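Trainee: I am attaching a structure below and will ask some questions about it afterwards.
There are 2 protein chains.
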Amino acid sequence: MAITPEGRSAPTLRDVAEVAGVSFKTVSNVLNDHPQVREATRVKVLAAVEQVGYRPNLAARNLRLGRSGVIGLAVPELSQAFFAQLADEVIRIAAEQDLVVLVEQTGGERERELEALRNPRLSLTDGLLLAPLGLTHEDLAPDAAGRPLVVLGEPLFPGPVDHVTMQHEAAARAATAHLLALGRRRVVLLGAHAAEDTGVAALRYAGYRAALADAGLPVDDGLVVPIETWDRQRGAEAMGRVLDAGVRMDAVFAMNDDLALGALRSLQERGLAVPRDVALVGFDDVADGRYTFPSLTTVEPGRHDIARIAVTMLRERIDDRPRGDLGPRVVAPDFRLVVRESTGAEVRARRA
Amino acid sequence: MAITPEGRSAPTLRDVAEVAGVSFKTVSNVLNDHPQVREATRVKVLAAVEQVGYRPNLAARNLRLGRSGVIGLAVPELSQAFFAQLADEVIRIAAEQDLVVLVEQTGGERERELEALRNPRLSLTDGLLLAPLGLTHEDLAPDAAGRPLVVLGEPLFPGPVDHVTMQHEAAARAATAHLLALGRRRVVLLGAHAAEDTGVAALRYAGYRAALADAGLPVDDGLVVPIETWDRQRGAEAMGRVLDAGVRMDAVFAMNDDLALGALRSLQERGLAVPRDVALVGFDDVADGRYTFPSLTTVEPGRHDIARIAVTMLRERIDDRPRGDLGPRVVAPDFRLVVRESTGAEVRARRA
DNA sequence: AGCGCAGGTTACAACGTTGAACCGCGGGCC
DNA sequence: GGCCCGCGGTTCAACGTTGTAACCTGCGCT
Chain D
1 MAITPEGRSA
11 PTLRDVAEVA
21 GVSFKTVSNV
31 LNDHPQVREA
41 TRVKVLAAVE
51 QVGYRPNLAA
61 RNLRLGRSGV
71 IGLAVPELSQ
81 AFFAQLADEV
91 IRIAAEQDLV
101 VLVEQTGGER
111 ERELEALRNP
121 RLSLTDGLLL
131 APLGLTHEDL
141 APDAAGRPLV
151 VLGEPLFPGP
161 VDHVTMQHEA
171 AARAATAHLL
181 ALGRRRVVLL
191 GAHAAEDTGV
201 AALRYAGYRA
211 ALADAGLPVD
221 DGLVVPIETW
231 DRQRGAEAMG
241 RVLDAGVRMD
251 AVFAMNDDLA
261 LGALRSLQER
271 GLAVPRDVAL
281 VGFDDVADGR
291 YTFPSLTTVE
301 PGRHDIARIA
311 VTMLRERIDD
321 RPRGDLGPRV
331 VAPDFRLVVR
341 ESTGAEVRAR
351 RA
Chain G
1 MAITPEGRSA
11 PTLRDVAEVA
21 GVSFKTVSNV
31 LNDHPQVREA
41 TRVKVLAAVE
51 QVGYRPNLAA
61 RNLRLGRSGV
71 IGLAVPELSQ
81 AFFAQLADEV
91 IRIAAEQDLV
101 VLVEQTGGER
111 ERELEALRNP
121 RLSLTDGLLL
131 APLGLTHEDL
141 APDAAGRPLV
151 VLGEPLFPGP
161 VDHVTMQHEA
171 AARAATAHLL
181 ALGRRRVVLL
191 GAHAAEDTGV
201 AALRYAGYRA
211 ALADAGLPVD
221 DGLVVPIETW
231 DRQRGAEAMG
241 RVLDAGVRMD
251 AVFAMNDDLA
261 LGALRSLQER
271 GLAVPRDVAL
281 VGFDDVADGR
291 YTFPSLTTVE
301 PGRHDIARIA
311 VTMLRERIDD
321 RPRGDLGPRV
331 VAPDFRLVVR
341 ESTGAEVRAR
351 RA
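Here you go:
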């Protein structure tokens with residue numbers, strides 16, 4: 001209950017009713033525009049609402065209706081640009097649908113992702129959008145049934161859980177194909193995950209292999225660079241090691257933009273020209289890649305659609321909850337290869 | 001009320017009580033660990049809690065206590081790296097204090113910032129952290145009294161509102177002084193706001209002027225470039241115009257990192273070497289500036305402290321609400337000039 | 001033996017809201 | 001003229017929790 005500095009507690013339906021001279025339930029009826037209200041009383045009540053500055057108490061409404069209008073969004077961390085932009089979209093779209101978003105950070109750690117699923121602090125949300133990095137099938141299974149849930153990422157679990165994912169393989173294939181179409185033949189792959197046969201890294205790796213196969217090229221294991229955590233620092237370091245080892249290559253496909261931007265720095269630091277000496281493609285279309293020099297060619301994974309679909313699906317789950325006759329769904333929106341300067345789109349250097 | 005797919009509704013205190021063979025209030029007493037509970041019943045109750053899988057209903061608790069444990073955070077947009085990193089810190093610190101964060105985006109528009117202050121959707125938060133761009137004194141005044149509020153940004157309003165801000169002027173002065181100490185004499189200022197005498201832009205401008213004055217240099221209006229919206233694109237465009245106009249200069253102080261990174265691109269695009277030809281300093285210490293080439297010298301405004309102080313202050317406001325005897329506070333944590341390659345810190349180009 | 005007292009547990013009320021059931025009243029229909 | 005019905009509104013109960021106060025039991029004290 002909000003208490004004003006003067007010590008008055010926030011006005012309730014009863015206070016409005018008193019001013020309007022009707023029962024408090026009539027005020028409720030007006031506000032929920034039930035039909036059975038005479039225009040005259042409606043006006044009278046609305047005036048009273050205005051006068052006392054009434055605001056509905058959402059906690060009470062929430063208790064009564066079993067709905068809060070709040071959804072949870074659990075991401076690894078907002079300081080990763082991709083997730084920040086995703087959260088931006090999710091919040092924006094949720095607002096359009098009169099939902100509000102409670103953001104939780106998991107650090108990508110399995111333990112904390114599990115906690116996000118179970119956390120009682122989240123029990124005042126109607127449902128959860130979860131972008132997990134560490135979870136596995138088994139983790140999701142026991143909790144899946146609990147509350148409305150939509151997972152952002154590749155399907156971990158064939159159970160009753162909606163997934164909104166990306167066309168990882170097709171997009172990685174297109175990105176690699178783009179490099180090959182430029183005549184590049186030795187394409188470094190940054191970000192492979194050792195001993196992972198499902199998951200984002202594996203899918204993108206499969207796309208890379210497929211594109212090479214399409215071009216009749218073998219996979220050179222010497223060009224496949226494993227990096228567990230996809231951040232800029234590690235991208236720069238890995239690229240640096242590759243260069244210092246004297247590996248021959250003419251292109252880089254980084255599994256995300258952060259790796260790509262780190263790699264870009266390492267390339268430039270060593271005096272290599274991008275795209276002349278090495279062409280570079282990333283993945284995610286993070287804003288940072290648009291104003292680097294050269295700007296970064298990347299895959300736009302359909303972030304806007306992902307956010308829209310995820311919120312919509314979650315809402316459907318929430319609305320469906322009493323019935324529960326909605327099957328699990330998996331959607332992967334269209335992606336788009338955004339060609340910029342790092343693969344030779346109009347390098348606009350002027351006086352250089 | 002959470003309904004499981006099987007149609008069972010979530011267990012309540014009553015369900016636990018029935019299993020444990022005590023009254024539901026005793027269960028409540030156990031869970032809130034009131035002293036007056038025999039160890040034997042405590043154990044019995046906890047076992048029952050476990051057995052039925054009880055989770056407290058936060059909506060009910062919230063209604064009863066008038067507290068939700070949720071705080072609101074309203075920022076312009078998360079896709080701006082500075083705010084994403086700020087949100088990251090706020091969520092992290094809030095979690096430490098058992099608070100959870102509801103994030104709202106205002107787009108930096110006055111209208112929507114006002115709405116964030118008043119929005120009933122936020123009435124289930126205990127208080128609000130607001131990072132406004134468009135608000136003015138008059139806007140804040142009437143609403144300030146409503147609910148616990150901490151404003152992130154320079155003090156707009158001398159009323160009963162806490163502010164956590166930055167040492168804009170001192171930091172800008174230090175940044176500019178740093179450039180002057182390198183021997184630069186013609187320092188372009190990117191991001192001035194026309195006709196603004198208070199506000200972030202004005203304060204940073206004042207710091208810039210002060211540093212010049214310290215060095216006995218005049219302010220050259222031809223070097224002061226107004227940019228209303230501080231994003232990369234506009235930074236790049238403005239820098240481009242300055243360069244194309246043939247303005248003589250040997251350094252740039254951008255009012256934030258986004259402007260700086262945009263400017264960096266324009267400089268490089270035109271074949272100018274940073275820092276050799278032009279030294280460059282930004283403001284905010286956004287992650288992106290760490291792995292550009294050259295990396296970006298910038299002001300770290302004490303983001304971590306800002307987040308910590310803001311959350312703590314808000315909590316104090318919330319706790320103080322019944323009494324209301326807390327005066328308004330203004331805090332500006334220490335900043336730090338982070339010297340990187342764009343002003344000549346160990347340019348590590350190797351083969352170049 | 002009776003009384004008070006404290007420890008342990010319980011009943012009751014309340015937080016503010018909404019859905020269901022109910023009531024009085026006037027008008028239309030038979 | 002009596003009955004039914006719909007309109008406009010009301011009363012009642014409930015959502016699940018916690019603070020207050022009352023309750024009961026057994027024990028120690030006088």
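Those protein sequences? They're chains D and G, same order as listed.
Note that UniProt numbering has the first sequence beginning at 1, numbered continuously upward.
Note that UniProt numbering has the second sequence beginning at 1, numbered continuously upward.
Heads up, the beta-carbon is just placed ideally off N, CA and C, and yes, glycines get one too.
Model, not experiment: these values are computed from the prediction.
Just to make sure I have the definition right: I need the residues of chain D whose C-beta is within less than 8 Å of the C-beta of G/F293. Which are they?
Mentor: L264, R265, Q268, E269
Trainee: Going by CA-CA distance only, name the one from D/A238, D/E109, D/A260 that's closest to D/V247.
Mentor: D/A238
Trainee: Contact criterion: CB-CB distance below 8 Å. Does G/A287 meet it with respect to chain D?
Mentor: yes
Trainee: On a CA-only basis, which of G/P35, G/S28, G/M166 is nearest G/D284? Give me that one, please.
Mentor: G/M166
Trainee: What residue range does the alpha helix (DSSP H) around D/D257 cover?
Mentor: 257-269
Trainee: Just verifying my parser: in three-state terms, what is the DSSP assignment at G/R67?
Mentor: Three-state result, G/R67: coil.
Trainee: Between the stretch 42-55 of chain D and the stretch 108-119 of chain D, can you find at least three pairs of beta-carbon atoms closer than 8 Å?
Mentor: Short answer: they don't touch.
Trainee: Taking only runs of the beta strand (DSSP E) that begin and end inside the stretch 269-331 of chain D, which ones reach a length of at least 3 residues, in chain order?
Mentor: 279-281, 298-300
Trainee: Can you pull the DSSP bridge partners for G/P226?
Mentor: G/A192
Trainee: Could you tell me whether the Cβ atoms of G/V70 and G/L13 are closer together than 8 Å?
Mentor: No, the pair does not count as a contact, with Cβ atoms beyond the cut-off.
Trainee: Since D/E104 sits in a beta bridge, which residues does DSSP pair it with?
Mentor: D/A74
Trainee: Could you say if the stretch 62-77 of chain D and the stretch 125-134 of chain D meet the contact criterion of at least three C-beta pairs nearer than 8 Å?
Mentor: Yes, the stretch 62-77 of chain D is in contact with the stretch 125-134 of chain D.
Trainee: Can you give the beta carbon distance from D/V19 to D/P155, rounded, assuming they're within the 8 Å contact cut?
Mentor: Not confirmed; about 55 Å, so no contact.
Trainee: Can you check which of these residues, G/H34, G/V200, G/E77, is closest to G/T106 by C-alpha distance?
Mentor: Nearest of G/H34, G/V200, G/E77 to G/T106, Cα basis: G/E77.
Trainee: Taking D/D288 and G/S79 to be in contact with their CB atoms under 8 Å, please state how far apart those CB atoms are, rounded to whole angstroms.
Mentor: Contact flag wrong, Cβ pair sits at about 11 Å.
Trainee: Counting only the same chain and skipping the five closest in sequence on each side, list residues whose C-beta sits under 7 Å from that of G/A84.
Mentor: L78
Trainee: At the level of alpha carbons, what is the spacing between D/G21 and G/L314?
Mentor: 38 Å
Trainee: Examine the Cβ distances between the stretch 267-281 of chain G and the stretch 170-186 of chain G and report whether three or more of them are shorter than 8 Å.
Mentor: They touch, by the three-pair rule.
Trainee: Check whether chain G comes within 8 Å of D/Q97, counting only Cβ atoms and requiring the distance to be less than that.
Mentor: no
Trainee: Which residues in chain G sit within 7 Å of D/A60, going by Cβ to Cβ distance?
Mentor: L63
Trainee: For the alpha helix (DSSP H) that D/F82 lies in, which residues bound it at each end?
Mentor: 81-96
Trainee: Closer than 9 Å by beta-carbon distance: list the chain D residues that pair up with G/M233, in chain order.
Mentor: Note that residue 233 of chain G corresponds to Gln in the displayed sequence, not to Met. R290, Y291, listed in chain order.
Trainee: Could you list which residues in chain G have their beta carbon closer than 8 Å to that of D/N57, in chain order?
Mentor: Per Cβ cutoff of 8 Å: L63, S123.
Trainee: Would you kindly work out how many angstroms separate the C-alpha atoms of D/V103 and G/L102, rounded to a whole number?
Mentor: 6 Å
Trainee: Restricting to Cα atoms, I'd like to know which of D/L99, D/V151, D/T41 is closest to D/D126.
Mentor: D/D126 has its Cα closest to that of D/L99, out of D/L99, D/V151, D/T41.
Trainee: Return no unless some Cβ of chain G is closer than 8 Å to the Cβ of D/Q36.
Mentor: No, its Cβ sits nowhere closer than 8 Å to a Cβ of chain G.
Trainee: Please list the partners that D/S79 has in chain G, where partner means a Cβ-to-Cβ separation under 7 Å.
Mentor: A84, Q85, D88, A287
Trainee: Is D/V150 near D/R303, with beta carbons less than 8 Å apart?
Mentor: no
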